[in-house]
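Accompanying notes for the structure given below.
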Amino acid sequence: MRFLDDAPRYLFFTGKGGVGKTSIACASAIRLAEAGRRVLLVSTDPASNVDQVFGVSIGNRVTPVADVPGLSALEIDPQAAAEAYRDKIVGPVKGVLPDTVVAGIEEQLSGACTTEIAAFDEFTELLTGSDLVKGFDHVVFDTAPTGHTIRLLQLPGAWSGFLEKGQGDASCLGPLAGLEKQKERYRAAVDALASPDATRLVLVARAQSGSLDEVARTHDELAEIGLQRQYLVVNGRMPEAETRGDDLARGILERERAALEAMAPVLQALPRDDIELKPFNLVGLDRLRQLFGTPESATAAVPGDDMAGEDTAQLEAPSLSELVDDIATDGKGLVMLMGKGGVGKTTLAAAVAVSLARRGFPVHLTTSDPAAHLSETLSDEVENLTVSRIDPTVETERYREQVLQSKGKDMNEEDRALLEEDLRSPCTEEIAVFQAFSRVIREAGRKFVVMDTAPTGHTLLLLDATGAYHREIVRQMGDTGTHYTTPMMQLQDPQRTKMLLVTLAETTPVLEARDLQEDLRRAGIEPWAWVVNNSIAAAGAASGLLRDRARAERPQIRAVAEEHAARYAVVPLLRDEPVGAERLLALTEITASQATA
823 MRFLDDAPRY LFFTGKGGVG KTSIACASAI RLAEAGRRVL LVSTDPASNV
873 DQVFGVSIGN RVTPVADVPG LSALEIDPQA AAEAYRDKIV GPVKGVLPDT
923 VVAGIEEQLS GACTTEIAAF DEFTELLTGS DLVKGFDHVV FDTAPTGHTI
973 RLLQLPGAWS GFLEKGQGDA SCLGPLAGLE KQKERYRAAV DALASPDATR
1023 LVLVARAQSG SLDEVARTHD ELAEIGLQRQ YLVVNGRMPE AETRGDDLAR
1073 GILERERAAL EAMAPVLQAL PRDDIELKPF NLVGLDRLRQ LFGTPESATA
1123 AVPGDDMAGE DTAQLEAPSL SELVDDIATD GKGLVMLMGK GGVGKTTLAA
1173 AVAVSLARRG FPVHLTTSDP AAHLSETLSD EVENLTVSRI DPTVETERYR
1223 EQVLQSKGKD MNEEDRALLE EDLRSPCTEE IAVFQAFSRV IREAGRKFVV
1273 MDTAPTGHTL LLLDATGAYH REIVRQMGDT GTHYTTPMMQ LQDPQRTKML
1323 LVTLAETTPV LEARDLQEDL RRAGIEPWAW VVNNSIAAAG AASGLLRDRA
1373 RAERPQIRAV AEEHAARYAV VPLLRDEPVG AERLLALTEI TASQATA
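Residue numbers for the sequence shown follow this note's numbering, beginning at 823 and rising by one.
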């Protein structure tokens, strides 16, 4: 693998969710460690699954991987980092300042802004030669899906600039009390990221137009902040030998070739490695070691999968059309599709929205994903359907203007200048996106609003802000007797909001959807249904490789149906990419028996 040749100290793996970043990062860390290097594997994904891939508990501490000498792992847990960050700031003043003052500081440190700063604080520590990374030859970063990662990699420069230019007021007072002490470290982090001798960025993609378009944008955005030394890995390529006599496999190969031929010139110019699709899930050390090696025979059973007794007939299961029928009976409401990156939330959200609009309902289709591009999935105009995106840049500018016109209206020139400086804080974006999210939720009281959410970790941070706002409103209202409804209350109301958890029929995505369901339940939100997307078992296949993967899917689909979901649907993998209104509409009309017709 060329991206591992003469590897620098820091290796970043990034790309659209679901492209295999974690598997490739883990396999790379193993390869480097088994070559005699000391390696620290770090996950910066709020919804990390490194522990699931390795089959060991890791968490927010450096943990040796017992079966790989020289390899250790660490997961940056945003919530744990935020708690430690709060303790570091609040601890020294407890018992010194009045309780009311301490409570005020704790309130300032309770929001999503502090969570982001705390995770960022740990991230920069790893880039600046701290005690945590001493003794390691390589630090391999398995990053969050693209939008979240760009945000993280931009933050050292953003906070450095903000701290150089000004100080800010109460909205970021608590967080900034800690940040002010770290200016030198943030500057050092910027230098490390920009140095090609220290840092290499590996863009991971599938041979799909949307995935390749995304990494092309990522290439440009990260090149602008100094990450110039980039490599491309195209993961999960369909082997040509598997397409003989299999229309589905042949269609996938043709789609992949067309996407690679059409990819942006900036990607064509990058050093590139292709990794073939494997007949097994990449969980466990034995499987990870095979990722870069010679693929297993596609026609042989894969040891350890215990699939010999699995039925190879085409799977029959509830369809997406049945779920849309039930949703339509309400006539209005919020439909949110949530899950791990890369499971197809955008496609399924667009399909549900088109189906509802074709039934005559007014529908607003939107996304809260910073890296989502609904226009690429649905470029057609559809009667009764409007499409939008919660754009962080647009919403932040709107929020700044709103605050300056209200809070800054009667300020003198000096105070207004301080307010403007405070509004340049990276925290402002979090507040602005939450306000836009709240507007969308309110709109669902009179029409259908279908929301394609960001990958799990980013969405949970947004829900955390929603919960914080709810608690503050409850505190302010107290026993006044005033009727009110917060965004969180609407999300908790099953008559007004239906949460659809989207997954793939693979071990890690199902486990992540299960964990997401538990997180939602702790917030008082009960998921309405699960959707298993891109199922080979429901599509039918002749290829040995695809039949092996179909057999591996069946236990996961059974787990969804029997253990996790109140109701569920299975969407088959289709030969043609579901882009455009008519193909999207077909997703809500197709049955398993029609999938390969």
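Using N, Cα and C, we set each Cβ at its ideal position, and we do this for glycine too.
Start and end residues, alpha helix (DSSP H) containing Phe963
Residue mapping note: residue 963 aligns to position 141 of the sequence shown, counting from 1. Phe963 -> not in any alpha helix (DSSP H); beta strand (DSSP E) instead, spanning His960 to Asp964.
Note the first and the last residue of the continuous alpha helix (DSSP H) segment covering Arg819.
Since the first and last residues shown for the chain are 823 and 1419, residue 819 lies out of range.
With C-beta atoms as the reference, is Val962 less than 7 Å away from Leu833?
Stepping through the sequence shown from its first residue, residue 962 is reached at position 140. Stepping through the sequence shown from its first residue, residue 833 is reached at position 11. Yes, they are a contact pair.
What residues match up with Leu1207 in a beta bridge as DSSP calls it?
Stepping through the sequence shown from its first residue, residue 1207 is reached at position 385. For Leu1207, which the question treats as bridged, DSSP gives the partners Val1185.
Quick check on DSSP: helix, strand or coil for Gln807?
Nothing about residue 807 can be read from this structure; the chain reaches only from 823 to 1419.
Take every Cβ of the region 1012–1024, pair it with every Cβ of the region 1047–1066, and state whether three or more of those distances are shorter than 8 Å.
yes
Does the distance from the C-beta atom of Ser1365 to that of Pro1394 stay below 7 Å?
In the sequence shown, residue 1365 corresponds to position 543, counting from 1. In the sequence shown, residue 1394 corresponds to position 572, counting from 1. Taking 7 Å as the Cβ cut-off, Ser1365 and Pro1394 do not qualify as a contacting pair.
How far does the alpha helix (DSSP H) with Leu919 in it extend, from its first residue to its last?
For this step, residue 919 is matched to residue 97 along the sequence shown. Counting along the chain, Leu919 falls outside any alpha helix (DSSP H), and DSSP gives it neither H nor E.
With a 10 Å radius around its C-beta and 16 neighbouring C-beta atoms as the bar for buried, classify Val915 as buried or exposed.
Counting from one through the sequence shown, the residue named residue 915 turns up at place 93. Exposed, because fewer than 16 other Cβ atoms sit within 10 Å of the Cβ of Val915.
Rounded to whole angstroms, what's the CA-CA distance from Phe1259 to Glu1236? Just pull it up for me.
The residue you call residue 1259 lines up with position 437 of the sequence shown. The residue you call residue 1236 lines up with position 414 of the sequence shown. Phe1259 and Glu1236: Cα-Cα distance of roughly 33 Å.
Three or more C-beta pairs under 8 Å: does that hold for the region 850–862 against the region 879–896?
yes
Contact under 7 Å by Cβ, Leu1367 with Pro1101
As a position in the sequence shown, residue 1367 is number 545, starting the count at 1. As a position in the sequence shown, residue 1101 is number 279, starting the count at 1. For Leu1367 and Pro1101, yes; Cβs fall inside 7 Å.
For the alpha helix (DSSP H) containing Arg1180, list its first residue and its last residue.
Looking up residue 1180 in the sequence shown gives position 358. Here the alpha helix (DSSP H) through Arg1180 covers Lys1167 to Arg1180.
Nearest to Glu1328 by CA position, among Gly840, Ile880 and Leu1322, is which residue?
Working through the sequence shown from its first residue, we reach residue 1328 at position 506. Measuring from the Cα of Glu1328, the nearest candidate turns out to be Gly840.
To the nearest angstrom, how far is it from the Cα of Leu1406 to the Cα of Thr1250?
For the purposes of this step, residue 1406 is identified with residue 584 of the sequence shown, where counting begins at 1. For the purposes of this step, residue 1250 is identified with residue 428 of the sequence shown, where counting begins at 1. Roughly 36 Å between the two C-alpha positions.
Distance, Cα to Cα, Arg1389 vs Glu1243?
Your numbering for residue 1389 matches position 567 in the sequence shown. Your numbering for residue 1243 matches position 421 in the sequence shown. Those two C-alpha atoms are separated by around 49 Å.
For the alpha helix (DSSP H) containing Thr844, name the first residue and the last one.
Taking the sequence shown and counting its residues from 1, the one referred to as residue 844 is at position 22. Where Thr844 is concerned, the enclosing alpha helix (DSSP H) stretches over Lys843 to Glu856.
With a CB to CB cut of under 8 Å and the five nearest residues on each side skipped, what residues in its chain are close to Ala1091?
Locating residue 1091 in the sequence shown gives position 269, where the first residue counts as 1. Closer than 8 Å at Cβ, skipping near neighbours: no residue.
Just the Cα atoms here: how many angstroms apart are Asn882 and Ser952?
Here residue 882 refers to the residue found at position 60 of the sequence shown. Here residue 952 refers to the residue found at position 130 of the sequence shown. Answer to the nearest angstrom: the Cα atoms are 16 Å apart.
Residue(s) in a DSSP beta bridge with Val1392
To locate residue 1392, count along the sequence shown from 1; it is residue 570. Answer is Val1354.
Leaving out the 5 sequence neighbours to the left and right, which residues in its chain are closer than 6 Å to Leu1107 when beta-carbon positions are compared?
Here residue 1107 refers to the residue found at position 285 when the sequence shown is read from its first residue. If we look at Leu1107 and ignore the five residues flanking it on each side, its Cβ neighbours are Asp889.
Would you kindly report the start and end of the unbroken beta strand (DSSP E) that includes Gly1032?
Taking the first residue of the sequence shown as 1, we reach residue 1032 at position 210. Run containing Gly1032: none in the beta strand (DSSP E); it sits in the alpha helix (DSSP H), Ser1031 to Glu1046.
Residue environment, Ala1027, which counts as buried when at least 16 other CB atoms sit within 10 Å:
Numbered from 1 along the sequence shown, position 205 holds the residue referred to as residue 1027. That one is buried.
Do you know whose CA, among Ala1150, Thr866 and Arg1380, lies nearest Leu895's CA?
Residue numbering aside, residue 895 sits at position 73 when the sequence shown is read from its first letter. Per the sequence presented here, residue 895 reads as Ala, with Leu not at that position. Looking at the Cα atoms, Thr866 is the closest of the given residues.
For Val1262 versus Thr1151, is the C-beta distance shorter than 7 Å?
Counting from one through the sequence shown, the residue named residue 1262 turns up at place 440. Counting from one through the sequence shown, the residue named residue 1151 turns up at place 329. The answer is no: Cβ separation not under 7 Å.
Please report the straight-line C-alpha distance between Ala857 and Gln1224, rounded to a whole angstrom.
Indexing the sequence shown from 1 puts residue 857 at position 35. Indexing the sequence shown from 1 puts residue 1224 at position 402. Going from the Cα of Ala857 to the Cα of Gln1224 covers about 56 Å.
For Pro886, which three-state DSSP category applies?
For the purposes of this step, residue 886 is identified with residue 64 of the sequence shown, where counting begins at 1. The answer is strand: DSSP assigns Pro886 an E or B state.
Status (buried if at least 16 other CB within 10 Å, exposed otherwise) for Arg1264:
For the purposes of this step, residue 1264 is taken as residue 442 along the sequence shown, with counting starting at 1. The residue is exposed, with fewer than 16 neighbouring Cβ atoms inside 10 Å.
Based on Cα-Cα distance, which residue from Leu1245, Ser879, Ala1239 and Leu1200 lies nearest to Tyr1221?
Within the sequence shown, numbered from 1, the residue matching residue 1221 stands at position 399. Nearest C-alpha to Tyr1221: Leu1245.
Do Thr946 and Ala1016 count as a contact pair if the criterion is CB distance below 7 Å?
Reading the sequence shown from its first residue, position 194 is the one you call residue 1016. Reading the sequence shown from its first residue, position 124 is the one you call residue 946. No.
Please return the same chain residues whose Cβ sits closer than 7 Å to the Cβ of Ala1175, not counting the five positions on each side in sequence.
Taking the first residue of the sequence shown as position 1, residue 1175 is located at position 353. Excluding positions up to five away in sequence, the list reads Val1185, Leu1187, Leu1207 and Val1272.
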